[in-house]
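Letter by letter, the sequence shown follows residues 7 to 143 in the working numbering.
Every residue, glycine too, gets a C-beta built ideally from N, C-alpha and C.
What follows is one structure encoded as structure tokens, with my remarks underneath.
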Amino acid sequence: MNVEWLETFELGVPEIDGDHRTIVDLMKAIEAALSAGQQKQAIRPIDRLVAFAEDHFRREEALLVAWGYPEVTTHSQYHRGLVETVDRIKEACLEKGETESFKACCDEMMRYIVDDVVQGDMHLKSYLQYSDMVITQ
7 MNVEWLETFE LGVPEIDGDH RTIVDLMKAI EAALSAGQQK QAIRPIDRLV AFAEDHFRRE
67 EALLVAWGYP EVTTHSQYHR GLVETVDRIK EACLEKGETE SFKACCDEMM RYIVDDVVQG
127 DMHLKSYLQY SDMVITQ
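Written out as structure tokens, the structure reads:
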């Protein structure tokens with residue numbers, strides 16, 4: 007999976023956008039280790055990615071509550087489902103011995119996390135724009 011930051015990912019909220027960029031950077035570190043055939047060196051960035059994503063979800067949810075986002079419960083449940091799925095995929099990845107299987111597993115895990123930005127947060131972006139809360143670049 008070749009992860010690149012796209013401006014369309016931006017919500018216009020520096021705290022959230024900064025977290026999303028960090029998530030992309032962590033994914034790139036995983037990709038670099040895997041491309042270099044260094045499966046064991048990918049484990050630390052995988053752990054950091056999963057932990058950071060969970061922290062990001064908590065920060066984002068706190069902002070949603072503060073903004074009065076009407077779908078905060080649904081969005082929080084969406085995050086919980088993502089975390090559970092990513093945790094299961096991460097455990098499966100760590101059990102893989104073969105490099106190609108490990109890489110494919112990591113790609114799947116990263117797709118689930120990217121899903122938060124592309125699908126989950128686009129509803130939030132619409133709400134923020136409608137409410138004039140988005141900081142335009």
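- Counting C-beta atoms within 10 angstroms of its own C-beta, M128 has fewer than 16 neighbours from the protein chains shown and is therefore classed as exposed.
- Cβ-Cβ distances below 8 Å link H85 to F63, E66, E67, D122 and G126 in the same chain, with the five nearest sequence neighbours on each side left out; the list follows chain order.
- DSSP, reduced to helix, strand and coil, places V19 outside both helices and strands of the structure shown, so it counts as coil.
- Runs of the beta strand (DSSP E) lying entirely within the segment 81-111, each at least 3 residues long, are absent.
- Assigned with DSSP and collapsed to three states, A42 falls in coil, not helix or strand.
- Sequence-distant partners of I119 (beyond 5 residues in either direction) whose C-beta falls short of 8 Å from its own C-beta, in its chain, are I29, M33, L55, A59, L88 and V92.
- Within the same chain, and ignoring the five residues on either side of A39 in sequence, the residues whose Cβ sits closer than 7 Å to its Cβ are Q47, A48 and P51.
- Take the alpha-carbon of D23 and the one of S132: they are about 15 Å apart.
- Here L69 is actually not in contact with E16; their C-beta atoms are around 15 Å apart, not less than 8 Å.
- Around the beta carbon of Q83, fewer than 16 other beta carbons sit within 10 angstroms, so the residue counts as exposed.
- The DSSP-derived three-state label of P76 is coil.
- A Cβ-Cβ separation of about 10 Å leaves C112 out of contact with A98 under the 8 Å criterion.
- For V9, the secondary structure class from DSSP, reduced to helix, strand or coil, is coil.
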